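Engineer:
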Ligand code: C5P
């Protein structure tokens, strides 16, 4: 047993727009635990591959890119979102777009790319605890996590939330296009053969449709405190 396996992990998986990012951040802050935004790793590799002009379906080239890309999270000093540095470049803004989400989803279906990111994710498991946000946190990366949650919401509400989020960041999108893009991404994430988006058998399923952030945070915290 590795020493880190005694460190508690709360996994929060779910489709895009289910509120995972916001909820994970709030819960991690409340518990005083570390946070792993695993989606940012896939986005960062997709971004680095794009910057190198690689073909996103070239498994060998993208795997090498995943192995070589340096990804660093840097807490913001002004209370805003954590910054993500990709090979030394602050790519926070570029990584937020739905284009970056789609590129992430494309490269995330390559098994060797997922394998290349495993150790980096496991290294986040440090005392006093970890909140891990993604698609396969409870099923593949931290199957032994004592606390697992799967968040979802209706497709319309998820599109609406992402729309609001992107608008607030000043990104130009239309709701109809976004809904189509999100549905395509979720379908690909759920149907891939390796680590598909699905709830772990022992996850607590929470449908957040119509729920406010505070109520969802309280429900998730109750899972850890029960
Ligand atoms: O969560 P986020 O929207 O940032 O994730 C972007 C994409 O990265 C997802 O659509 C999914 O394809 C991929 N991903 C994944 N496994 C994770 C986290 C994200 O395959 N654990």
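In this note's numbering, the protein residues as written are 1 to 226. Heads up, the beta-carbon is just placed ideally off N, CA and C, and yes, glycines get one too. Model, not experiment: these values are computed from the prediction.
1. Take the Cβ of residue 131 as the centre, count every other Cβ of all protein chains shown within 10 Å, and call the residue buried at 16 or more, exposed below.
2. For a test of your reading of the model: does the CB of residue 39 fall under 7 Å from any non-hydrogen atom of the ligand C5P? Yes or no.
3. Report yes or no: do three or more beta-carbon pairs, one from the segment 47-60 and one from the segment 145-158, lie closer than 8 Å?
4. Looking at the secondary structure, which residues open and close the beta strand (DSSP E) in which residue 132 lies?
5. Does the segment 6-23 come within contact of the segment 60-77, defined as at least 3 CB pairs closer than 8 Å?
6. Among 99, 98 and 140, which residue has its Cα nearest to the Cα of residue 193?
7. Identify whether residue 72 lies in helix, strand or coil by the three-state DSSP scheme.
8. Excluding the five sequence neighbours on either side, which residues of its own chain have a C-beta within less than 6 Å of the C-beta of residue 184, listed in chain order?
9. What does residue 148 pair with, by DSSP beta-bridge criteria?
10. Apply the 10 Å Cβ neighbour rule to residue 206 and answer buried if 16 or more other Cβ atoms are within range, or exposed otherwise.
11. Whole angstroms are fine: how far does the CA of residue 191 sit from the CA of residue 203?
12. Classify residue 148: buried if its beta carbon has 16 or more other beta carbons within 10 angstroms, exposed otherwise.
13. Hey, would you say the C-beta of residue 16 is under 7 Å away from at least one heavy atom of the ligand C5P?
14. With a threshold of 7 Å, establish whether the CB of residue 123 neighbours any heavy atom of the ligand C5P.
15. Nearer than 7 Å: is that true of the beta carbon of residue 135 relative to any heavy atom of the ligand C5P?
16. Would you give the residue range spanned by the alpha helix (DSSP H) that residue 58 belongs to?
17. If you drop the 5 nearest sequence neighbours on each side, which residues of the same chain put their C-beta closer than 7 Å to that of residue 82?
18. At a cut-off of 7 Å, is residue 163 close to the ligand C5P when judged by its beta-carbon and the heavy atoms of the ligand?
19. Residue 135: buried (16+ other C-beta within 10 angstroms of its C-beta) or exposed?
20. Taking 7 Å as the line, does the beta carbon of residue 43 fall inside it for any heavy atom of the ligand C5P?
21. Taking a contact to mean a Cβ-Cβ separation below 8 Å, would you say residue 188 touches residue 105 in this structure?
Structural biologist: In short:
1. For the purposes of this step, residue 131 is taken as residue 131 along the chain shown, with counting starting at 1. Under a 10 Å Cβ-count criterion, residue 131 is classified as buried, with 16 or more other Cβ atoms of the shown protein chains found around its own Cβ.
2. Here residue 39 refers to the residue found at position 39 when the chain shown is read from its first residue. Flag set: Cβ of residue 39 near the ligand C5P.
3. no
4. Sequence index remark: in the chain shown, residue 132 carries index 132 (1-based). Per DSSP, residue 132 belongs to the beta strand (DSSP E) from 130-134.
5. no
6. Along the chain shown, one-based indexing puts residue 193 at 193. Closest option to residue 193, Cα to Cα, is 140.
7. Residue mapping note: residue 72 aligns to position 72 of the chain shown, counting from 1. Of the three classes helix, strand and coil, the one that applies to residue 72 here is strand, per DSSP.
8. As a position in the chain shown, residue 184 is number 184, starting the count at 1. None.
9. Taking the first residue of the chain shown as 1, we reach residue 148 at position 148. DSSP, once it has assigned bridges, lists 11 as partnering residue 148.
10. In the chain shown, residue 206 corresponds to position 206, counting from 1. Result: buried.
11. Residue mapping note: residue 203 aligns to position 203 of the chain shown, counting from 1. Residue mapping note: residue 191 aligns to position 191 of the chain shown, counting from 1. Distance between the alpha carbons of residue 203 and residue 191: 19 Å.
12. Counting from 1 along the chain shown, the entry for residue 148 is found at position 148. Burial call: buried.
13. Here residue 16 corresponds to residue number 16 of the chain shown, with the count starting at 1. Remark: the shortest separation between the CB of residue 16 and any heavy atom of the ligand C5P falls under 7 Å.
14. Looking up residue 123 in the chain shown gives position 123. No, the ligand C5P has no heavy atom inside 7 Å of this Cβ.
15. The sequence position of residue 135 within the chain shown is 135, counting from 1. Under cutoff, so the answer is yes.
16. Walking along the chain shown from the start, residue 58 turns up at place 58. Here residue 58 belongs to no alpha helix (DSSP H), and DSSP marks it neither H nor E.
17. To locate residue 82, count along the chain shown from 1; it is residue 82. The answer, listed in chain order, is 73, 74, 75 and 76.
18. For this step, residue 163 is matched to residue 163 along the chain shown. No, since every heavy atom of the ligand C5P falls outside the 7 Å radius drawn around the Cβ of residue 163.
19. Reading the chain shown from its first residue, position 135 is the one you call residue 135. Buried is the call here.
20. The residue labelled residue 43 in the question sits at position 43 within the chain shown. At least one heavy atom of the ligand C5P is nearer than 7 Å to the Cβ of residue 43, so yes.
21. The sequence position of residue 188 within the chain shown is 188, counting from 1. The sequence position of residue 105 within the chain shown is 105, counting from 1. Contact: yes.
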